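Visitor: Heads up, my numbering is the position in the sequence shown plus 1496, with the first residue counted as 1. I have a structure here, written as structure tokens, and I will follow up with some questions on it.
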Amino acid sequence: MYAFIEGEVCEKAAGTLVLMAAGVGWQLNCSNNTLQAAPAQGETMRCYTVLNVRDDAMELFGFATKEEKQMFLQLTSVSGVGSKTALGLLGAMPLRDLNLAILLGDVNALSRAPGIGKKTAQRIALELKEKVTQADVSARADAGSAPAAVPEQADHVMEAMEALTALGYSALEARNAIAAVRDQSDKPEELIRLALRSMAGM
1497 MYAFIEGEVC
1507 EKAAGTLVLM
1517 AAGVGWQLNC
1527 SNNTLQAAPA
1537 QGETMRCYTV
1547 LNVRDDAMEL
1557 FGFATKEEKQ
1567 MFLQLTSVSG
1577 VGSKTALGLL
1587 GAMPLRDLNL
1597 AILLGDVNAL
1607 SRAPGIGKKT
1617 AQRIALELKE
1627 KVTQADVSAR
1637 ADAGSAPAAV
1647 PEQADHVMEA
1657 MEALTALGYS
1667 ALEARNAIAA
1677 VRDQSDKPEE
1687 LIRLALRSMA
1697 GM
């Protein structure tokens, strides 16, 4: 119903942001990343929105980027993942890291978010892994992340995966191989070597 709301930042609190637009104060439920991206009070911000209508309430959710909004919609499409759980997961790590965790099926990383148990993390990885592409991970970090928030690990893992696909392995084979050895090195060349040995059964 609402694509986005652009207005003056009036209030920032834990989990909520109030924007003044057209004389109306819009209270938006937000992730920590979006709150961090919000400018100071009195400045203008655009939030991409999702309206959630329930029997007992209407909730408006706001996101600093279209990408975060899309991930929220994907997360809430997973069985057992509600709006609050999705916001908690979005706020627990930069969006690029979340995409990488889903792509690699990294249940441990996903389950570190508040309210996410192992079974829920497994469902998220299983149901969304085909919706996340390498482009999502390689893309520039979302505006809701601090400039230095994207760790080098994401870069070297993706570089190793891309190298394996260039060698002729499928994206699934590359993802599974790197996931099995990603904690053993922080150098792409070493990850590639370990992954190749693993696939060869050595």
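Every residue, glycine too, gets a C-beta built ideally from N, C-alpha and C. Predicted, not measured: the structure shown is a model, and the values here were computed from it.
Using only the alpha-carbon positions, how far apart do Pro1614 and Ala1670 sit?
Guide: First, the amino acid is wrong: residue 1614 is Lys here, not Pro. Cα-Cα distance, rounded: 23 Å.
Visitor: At which residues does the beta strand (DSSP E) containing Ala1517 begin and terminate?
Guide: Start and end: 1512-1517.
Visitor: Helix, strand or coil, according to DSSP, for Glu1539 in the structure here?
Guide: Residue state, collapsed to three classes: coil.
Visitor: Which word fits Thr1530, buried or exposed, when buried means at least 16 other C-beta atoms lie within 10 angstroms of its C-beta?
Guide: With 16 or more other Cβ atoms within 10 Å, it is buried.
Visitor: Thinking C-beta only, is Leu1583 closer than 8 Å to Met1541?
Guide: Result no, Cβ atoms of Met1541 and Leu1583 do not sit closer than 8 Å.
Visitor: May I ask you to check if the CB of Ser1579 is nearer than 7 Å to at least one heavy atom of the ligand ZN?
Guide: This structure does not include the ligand ZN; it has no bound ligands of any sort.
Visitor: Can you tell me where the alpha helix (DSSP H) with Ile1620 in it begins and where it stops?
Guide: 1614-1624 is the extent of the alpha helix (DSSP H) around Ile1620.
Visitor: Going along the chain, which residues of its own chain have a beta-carbon closer than 6 Å to the beta-carbon of Glu1507, five neighbours each way excluded?
Guide: Here the set comprises Val1514.
Visitor: How would you write the range of the beta strand (DSSP E) that Met1554 sits in, first residue to last?
Guide: 1554-1559 is the extent of the beta strand (DSSP E) around Met1554.
Visitor: So the alpha helix (DSSP H) Gln1570 belongs to, where does it begin and stop?
Guide: Run containing Gln1570: 1562-1572, per the alpha helix (DSSP H) assignment.
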